[in-house]
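Everything below concerns the one structure shown next.
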Amino acid sequence: MRTIGIILKKELKRYFTDVRMLIGIILPGILIFLLYSVMGNFMGQQSSSIKECTIYVVNEPVELAPIFQMEDIKITKYDQTLEENEILKKIEDQEIDLYIKYPINFMEDMINYTSDMGKAPNIDIYFNSAKEASQMMYTFYTQALNTYESVLANKFDINNSNQKYDLAKEEDLTVRIFTMMLPFLLITFLFSGAMGICSESISGEKERGTIATLLVTPAKRSHIAIGKVSALGITALASSIVSFIGLIASLPRLVGTDLSLSAYHVDTIFMLLVVIVLTVLFFTVVLTIVSTFAKTVKEASSLSIPVMIVVMLLGATSFMGTTAQTNAAFYLIPVYGAIQCLTGILSMTIEPLSFVLFILSSVVYISAGIFALTKMFNSERVMFNS
8 MRTIGIILKK
18 ELKRYFTDVR
28 MLIGIILPGI
38 LIFLLYSVMG
48 NFMGQQSSSI
58 KECTIYVVNE
68 PVELAPIFQM
78 EDIKITKYDQ
88 TLEENEILKK
98 IEDQEIDLYI
108 KYPINFMEDM
118 INYTSDMGKA
128 PNIDIYFNSA
138 KEASQMMYTF
148 YTQALNTYES
158 VLANKFDINN
168 SNQKYDLAKE
178 EDLTVRIFTM
188 MLPFLLITFL
198 FSGAMGICSE
208 SISGEKERGT
218 IATLLVTPAK
228 RSHIAIGKVS
238 ALGITALASS
248 IVSFIGLIAS
258 LPRLVGTDLS
268 LSAYHVDTIF
278 MLLVVIVLTV
288 LFFTVVLTIV
298 STFAKTVKEA
308 SSLSIPVMIV
318 VMLLGATSFM
328 GTTAQTNAAF
338 YLIPVYGAIQ
348 CLTGILSMTI
358 EPLSFVLFIL
368 SSVVYISAGI
378 FALTKMFNSE
388 RVMFNS
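When we follow my numbering, the leftmost residue of the sequence shown carries the number 8, and every step to the right adds one.
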């Protein structure tokens, strides 16, 4: 027992007196708390981002009119002042959010309905799932009506026919799915590809002793640092692109629907490529700095975990909306700016100024990282763990 106590004391002392290990133990919890708090604020802001909706209603019973009352959202209701085909076309073009068509004498027929009379009175509700406001209002209204209907013991139906009620175009639906899913998945692939390669890059050479041989060559250490970052960046980029191609190929099966890429053009692909390259280079520089700071590959992997947590949680903010931030200052924030760019490009809402600010800030961050890496390569204490 005394031996166990000695070993236990020795190991605990090693864990809690080593600054590097303390960072790995404490920092993830602090980051999770801070970032989930920030995400909570973002989610609160996102839930109130829809300020108004436009709805057309036909034969609306007076008794059901109060359903359309929502705090903080201005709901504009119209009777059928347009032809039905015009209303449906406007929903398809995302100019109108909802079209509700009640049968004539709905309340009377609904109250008198019994199961032996055949089909119950049906309410037709047309919407566009590619538009956030339309999908939200459709969900809200159908849930309210279903609650009301359950109290009445199946006295009426909603969308109980073979008509197409979701009027979203295939390309609009593709844009919405891509905007919701791809920013997070792409950031994950880019970081994973970089982490798998960079964590071992410098720390592995330290463990094997080969870094000393490289550093005593006539080559400038700054050139060694830049050459390593460039090679690692290209390798990480290749790994990420392969994963991205596999994702795009499997996405239709994943979401269970056909996807149309006709909404995207060459300029979209070019902007995506710019964001991908800059983001991979940023991740490569950051993770190479971590690897250079670490003494062993295991330590480099441990120190990379807090960085991974930050990236994953920032990536999760892409699920909070299908349009990019309009405040250009957000595009100056590392990683978050890349996510907003991806969201804006995929949703085709990116502002040129925001895109330019992201490029400029990324170049500054990457340059600063390479400068810091050069300083680390020139430090005997860092490179030889002295």
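Ideal Cβ placement from N, Cα and C applies to all residues, glycine included.
Sequence-distant residues of the same chain with beta carbon closer than 7 angstroms to residue i, five excluded per side
i: M46; result: Bear in mind that a pLDDT of 49 at M46, under 50, signals an unreliable position, so the number given afterwards is only what the model happens to contain. Excluding positions up to five away in sequence, the list reads L320, A323 and T324.
i: I103; result: T61, Y63, I94 and K97
i: L360; result: A335
i: Q142; result: F134 and S136
i: V223; result: none
i: S369; result: L285 and F289
Nearest residue (CA-CA) to residue i, options the options
i: V318; options: R215, T286 and I94; result: T286
i: T245; options: S199, I233 and I231; result: Residue identity differs from the one stated: residue 245 is Ala in this sequence, not Thr. Nearest option by C-alpha distance: S199.
i: F365; options: P341, L380, L193 and S386; result: P341
i: E91; options: L105, I82, T83 and I80; result: L105
i: F251; options: T303, F362 and I194; result: I194
i: N166; options: I184, I107, C60 and F337; result: I107
i: T83; options: M117, S122, I184 and M144; result: M144
i: M355; options: A72, T146, Y155 and M278; result: M278
i: Y271; options: I316, I346, S229 and F185; result: F185
i: I346; options: A72, V281, I312 and V371; result: V281
i: Y372; options: M383, C205, L89 and L339; result: L339
i: F134; options: K58, D123, F147 and S122; result: F147
i: L197; options: M315, D123 and S308; result: M315
i: M383; options: V249, K305, S229 and I357; result: S229
i: L71; options: Y109, Y85 and T88; result: Y109
i: I118; options: V249, Y155, S369 and R183; result: Y155
i: K305; options: C205, T217 and N169; result: C205
i: A307; options: M124, G203, R183 and L89; result: G203
Nearest-angstrom beta carbon gap, residue j and residue i [assumed within contact, 8 angstroms]
i: Y172; j: I132; result: 6 angstroms
i: S298; j: S210; result: 5 angstroms
i: A201; j: A243; result: 4 angstroms
i: T295; j: L239; result: 6 angstroms
i: I283; j: S247; result: 7 angstroms
i: T303; j: E214; result: 6 angstroms
i: F391; j: A219; result: 7 angstroms
i: L380; j: V236; result: 7 angstroms
Contacting residues, own chain, Cβ-Cβ under 6 angstroms from residue i (five flanking each side not counted)
i: D164; result: A127 and N129
i: Y343; result: L321
i: E59; result: K81
i: Y43; result: Caution is warranted here: a pLDDT of 49 is assigned to Y43, below 50, making its placement in the model unreliable, and no coordinate value can be reported.
Residues near residue i by beta carbon distance below 8 angstroms, same chain, minus five either side
i: L221; result: E212 and I231
i: V389; result: T299, F300 and M383
i: L174; result: L95, I98, E99, Y133, F134 and N135
i: Y120; result: A127, P128, K162 and F163
Proximity test, residue i beta-carbon vs the ligand GDP heavy atom, cut-off 8 angstroms
i: T303; result: Absence of the ligand GDP from the depicted structure is noted, as is the absence of any ligand whatsoever, leaving it without description.
Query raised in the report: Is the region 291 to 300 touching the region 365 to 378, taking contact as three or more C-beta pairs under 8 angstroms?
Result: Yes, they touch.
Requested in this report: Go through the region 77 to 158 residue by residue and report every complete run of the alpha helix (DSSP H) that reaches 4 residues or more, in order.
Outcome: Restricting attention to alpha helix (DSSP H) runs no shorter than 4 residues, the region 77 to 158 encloses them at 91 to 99, 113 to 119 and 139 to 158, ordered along the chain.
Query raised in the report: Would you call the region 350 to 358 and the region 331 to 339 touching, i.e. three or more CB-CB distances under 8 angstroms?
Result: Of all C-beta pairs linking the region 350 to 358 to the region 331 to 339, three or more are shorter than 8 angstroms, placing the two stretches in contact.
Query raised in the report: So does the region 137 to 147 actually touch the region 93 to 112, counting three or more Cβ pairs closer than 8 angstroms?
Result: Cβ pair count under 8 angstroms is three or more, so yes.
Report task. Could you pull out every unbroken alpha helix (DSSP H) segment of at least 4 residues lying fully inside the region 335 to 361, listed in chain order? Result -> Runs of the alpha helix (DSSP H) inside the region 335 to 361: 343 to 354.
Query raised in the report: Taking three-plus beta-carbon pairs below 8 angstroms as touching, is the region 61 to 69 in contact with the region 108 to 121?
Result: With a cut-off of 8 angstroms, the region 108 to 121 and the region 61 to 69 count as touching, because enough Cβ pairs lie within range.
Report task. Taking only runs that begin and end inside the region 163 to 209, name each unbroken alpha helix (DSSP H) of 4 or more residues, in chain order. Result -> Qualifying alpha helix (DSSP H) stretches, in chain order: 177 to 205.
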